[in-house]
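Below: one structure, written as structure tokens.
Protein chains: 2
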Amino acid sequence: MKAKVIVTLKKSILDPQGSAVERSLKTMGYPVDSVRIGKFMEVTLAEANKAKAEEVMDEICRKLLANPVIEDYFFELEG
Amino acid sequence: MKAKVIVTLKKSILDPQGSAVERSLKTMGYPVDSVRIGKFMEVTLAEANKAKAEEVMDEICRKLLANPVIEDYFFELEG
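Sequences listed follow chains A and B, in order.
The numbering of the first sequence is my numbering, which starts it at 1 and goes up by one.
The numbering of the second sequence is my numbering, which starts it at 80 and goes up by one.
Here's what the structure looks like:
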């Protein structure tokens, strides 16, 4: 079973990487208001049961993929 | 208009960051087969026309957000 995970900084946390890209795009003349940068992860699990896979993914996200203090995570299972 | 962009390494490109996470998860005892890591970006455009916004985003992805030689990108417009 495959999981697509998106980890983003919480709204209240400054995102210097995003600000840098935003400035670059504005300098290049693009009509950009804001840019926020996060991480995308594709995890293939050796677990066919969807409910169990969801449980495992939630634990993986909390323990390793995201830092719950400053980041939000979201995942979607497929296949 | 908001765009959600996902940039991933092409299938044929090695992903050492993903391999490291994969090894960690296996060591921690999780049933993981593989992990690939990419980037997620949320871009707010000052452009209300959807067709025009799509054109701008495609250009932004090609020129700044992704390296088309080693990366694939995918984006979705909303709002």
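A virtual CB, placed ideally from N, CA and C, is assigned to each residue, including glycine.
Fair warning: this is a prediction, and the values are worked out from it, not measured in the lab.
- Query: Does the beta carbon of residue 23(A) sit closer than 8 Å to a beta carbon anywhere in chain B?
  - Reply: no
- Message: Against residue 9(A), what residues of chain B qualify as contacts under a CB-to-CB distance less than 8 Å, listed in chain order?
- Response: Within chain B, no residue comes near residue 9(A); the closest Cβ sits about 10 Å away, beyond 8 Å.
- Task: Evaluate the contact criterion for the stretch 64–73 of chain A versus the stretch 2–13 of chain A: three or more CB pairs, one atom per stretch, below 8 Å.
- Result: yes
- Message: Could you check whether the Cβ of residue 149(B) sits closer than 7 Å to any heavy atom belonging to the ligand FMN?
- Response: Looking at this structure, you won't find the ligand FMN or any other ligand, since it has none at all.
- Message: Taking 8 Å as the threshold (C-beta atoms), are residue 112(B) and residue 46(A) in contact?
- Response: yes
- Task: Using three-state DSSP, classify residue 58(A) as helix, strand or coil.
- Result: helix
- Within chain B, the residues that residue 40(A) reaches when beta carbons sit closer than 8 Å: 85, 86, 87, 116, 117, 118, 119
- Query: Among 156(B), 129(B), 137(B), which one has its Cα closest to the Cα of residue 25(A)?
  - Reply: 137(B)
- Query: What is the residue span of the beta strand (DSSP E) that residue 21(A) lies within?
  - Reply: No beta strand (DSSP E) holds residue 21(A); the alpha helix (DSSP H) holding it covers 16–27.
- Message: Going by C-alpha to C-alpha distance, which of 37(A), 48(A), 76(A) sits closest to residue 82(B)?
- Response: 37(A)
- Query: In chain A, which residues lie with their C-beta within 8 Å of the C-beta of residue 112(B)?
  - Reply: 44, 45, 46
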